[in-house]
Amino acid sequence: MSRVGDRIKIARESSGLSQKALAKKLGLAEKYVNEVELGRKVISEALIAKIGKVLNTDLNDISMVVTDEDLKREQHIEAPKKKISSVSVPKMNLSEVNEDWSSAFSSVLKKVPIYNYTFDKEYGYRELPIHSNKINGYSVDKVFYISIEENDMMGFRIVKGDIALVHSVKEIESNGIYLIEHQNSRVIRQIKKLDGNKILLISNKGSISTETVNSKEIKLLAKLDLLEIKL
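Each residue of the sequence shown is one higher than the one before, counting from 1 in the UniProt record's numbering.
Structure representation (structure tokens):
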């Protein structure tokens, strides 16, 4: 035990504090306080002063100064060496690791295909994040992209070559923009609900064009949610 550790222990016991209680007041681990008292730790004058303040005693008197001999003696105290046993590390198959990573990413990213209007041609895909088994708030099996094929919605800044993220729908939301089938053609139109079963189909190829039809005359295919434009 060093003179520093011995004096701290005497002062601590005189104050009626356990090592744990002192450590808590100092914001230190109980093990650290124990090692200081055993002389295994060399502490700074600042910490000595802090301990003295907590124990309400002066630890910075002449007999408490840490000398070079103290430092040398305490630095030579070594913890018992632990025997390190050899551990066999299993060999990892790189292909299996890659498969594991691919599987992990597939649970958070999904390849969303890009189709033409008739869904019989695929132009590629985009990888999008999955949240609670949904993409952009919709079930993953209802979300896909379409490549814009005409300029009949250019007034809405939707032009040929753009790519739109869409989702399958069965009901009309007024003022939404949809991919529909009408008169044996598939087109993009904004739809507004009117009285009864009447709806207004709106296109804009530089100027607005409207057509009033019965909702039963069209087939809803998808609702446009997001648009990727080409600069």
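Cβ coordinates follow ideal geometry from the N, Cα and C atoms, glycine included. Quantities reported herein were computed from a predicted structural model and do not represent experimental measurements.
- In the three-state reduction of the DSSP assignment, L28 falls in the coil class.
- Remark: C-beta atoms of D162 and L227 approach each other more closely than 8 Å.
- Contact check for L224 against V140 fails: the beta carbons are separated by 8 Å or more.
- Non-local beta-carbon contacts of G206 in its own chain, meaning distances under 7 Å to residues more than five positions away in sequence, involve M154, G155 in chain order.
- Annotation for K9: the continuous alpha helix (DSSP H) segment containing it runs 3 to 14.
- Take the alpha-carbon of L55 and the one of K25: they are about 10 Å apart.
- Under DSSP, the beta-bridge partners assigned to Q190 are I177, I202.
- For V36, DSSP records no beta bridge to any residue.
- Taking the Cα of S132 as reference, the smallest distance to any Cα among K41, V159, K110 is reached at K110.
- Looking at the DSSP output, R126 bridges to V112.
- Annotation for V33: Q19, L22, A23 place their beta carbon closer than 6 Å to its own, counting only its chain and skipping 5 residues before and after.
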